[in-house]
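Asker: In the working numbering, the protein residues as written are 168 to 310. Glycine included, every Cβ here is placed at the ideal spot set by N, Cα and C.
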Amino acid sequence: TLAGWKTLGSPPNMTNASIANVAGLITATGKANAEITNMSDTNVVFRYADISGLTAKNVKTNDFTQSLTASLLGNLTLNVGLGGLLSLTPTAVVAALIRSILTPVAPTIDNVLNNVLKTLGIGLGEADVWVNGVRCDGAALVR
168 TLAGWKTLGS
178 PPNMTNASIA
188 NVAGLITATG
198 KANAEITNMS
208 DTNVVFRYAD
218 ISGLTAKNVK
228 TNDFTQSLTA
238 SLLGNLTLNV
248 GLGGLLSLTP
258 TAVVAALIRS
268 ILTPVAPTID
278 NVLNNVLKTL
288 GIGLGEADVW
298 VNGVRCDGAA
308 LVR
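Next up, the structure:
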């Protein structure tokens, strides 16, 4: 609906999802927001010929695993309940464990994934960008 499009600028209202429930004795819930992006900005240079020719330039995500791991662990919330008597929030411990396992290998995984996708002709996280005009005669507010 149109109302749904109007809320795209604000973060989603996430609630905990059930991860595990062992006969009601041990329960685990959690939530996290996953993002796949580049770990650093990508500069794109447009020269006069590019602008006048409406030349599109391609930018793409290269850091799939690194950014996914960082975003998931950066806002992860875990809750563990033991028979309704004890409630634990082991987020920091679990995040540190996962981070120690994935951080060293994430760049290698990204490199392999990028090469496989390139070989298959598949592009993920790509955007074609172009400049359709330049204004140099004063300030302009853009949105």
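Could you spell out where the beta strand (DSSP E) holding GLY197 opens and where it closes?
Answerer: Start at 1 with the first residue of the sequence shown, and residue 197 comes out as number 30. Start and end: 193–198.
Asker: Can you tell which of LEU249, GLY292, ILE203, LYS198 has its C-alpha closest to the C-alpha of ALA190?
Answerer: For the purposes of this step, residue 190 is taken as the residue at position 23 of the sequence shown. For ALA190, the nearest C-alpha among the options comes from LEU249.
Asker: For the stretch 245–265 and the stretch 221–230, state whether three or more C-beta atom pairs, one from each stretch, are separated by less than 8 Å.
Answerer: no
Asker: So, using beta-carbon positions, are ALA199 and ILE193 closer together than 9 Å?
Answerer: The sequence position of residue 199 within the sequence shown is 32, counting from 1. The sequence position of residue 193 within the sequence shown is 26, counting from 1. No, the Cβ-Cβ distance between ALA199 and ILE193 is not below 9 Å.
Asker: Hey, would you say the C-beta of ASN229 is under 8 Å away from at least one heavy atom of the ligand FAD?
Answerer: Absent from the structure shown: the ligand FAD. Ligands present: none.
Asker: Given a cut-off of 9 Å, decide if THR204 and SER177 are closer than it, judged by their beta-carbon atoms.
Answerer: Residue 177 sits at position 10 when you count from the first residue of the sequence shown. Residue 204 sits at position 37 when you count from the first residue of the sequence shown. Not in contact: SER177 and THR204 (Cβ atoms no closer than 9 Å).
Asker: Among LEU284, ASP304, CYS303, ILE268, whose alpha-carbon lies nearest the alpha-carbon of LEU240?
Answerer: The residue labelled residue 240 in the question sits at position 73 within the sequence shown. Measuring from the Cα of LEU240, the nearest candidate turns out to be ILE268.
Asker: Using alpha carbons as the reference points, say which of CYS303, THR196, ALA216, TRP297 lies closest to ASN246.
Answerer: Taking the first residue of the sequence shown as position 1, residue 246 is located at position 79. The shortest C-alpha separation from ASN246 is found at THR196.
Asker: Can you say whether THR209 is buried or exposed, counting buried as having 16 or more other CB atoms within 10 angstroms of its CB?
Answerer: In the sequence shown, residue 209 corresponds to position 42, counting from 1. Exposed, since its Cβ has fewer than 16 Cβ neighbours within 10 Å.
Asker: Going straight from the alpha carbon of THR275 to that of SER234, what length do you get?
Answerer: As a position in the sequence shown, residue 275 is number 108, starting the count at 1. As a position in the sequence shown, residue 234 is number 67, starting the count at 1. Approximately 13 Å, taken between the alpha carbons.
Asker: Would PHE231 pass as a contact of ASP277 if the rule is Cβ separation under 9 Å?
Answerer: For this step, residue 231 is matched to residue 64 along the sequence shown. For this step, residue 277 is matched to residue 110 along the sequence shown. In contact: PHE231 and ASP277 (Cβ atoms closer than 9 Å).
Asker: Using the Cβ count rule (16 or more neighbours within 10 Å means buried), how would you classify THR182?
Answerer: Indexing the sequence shown from 1 puts residue 182 at position 15. The residue in question, THR182, is exposed, as its Cβ has fewer than 16 Cβ neighbours within 10 Å.
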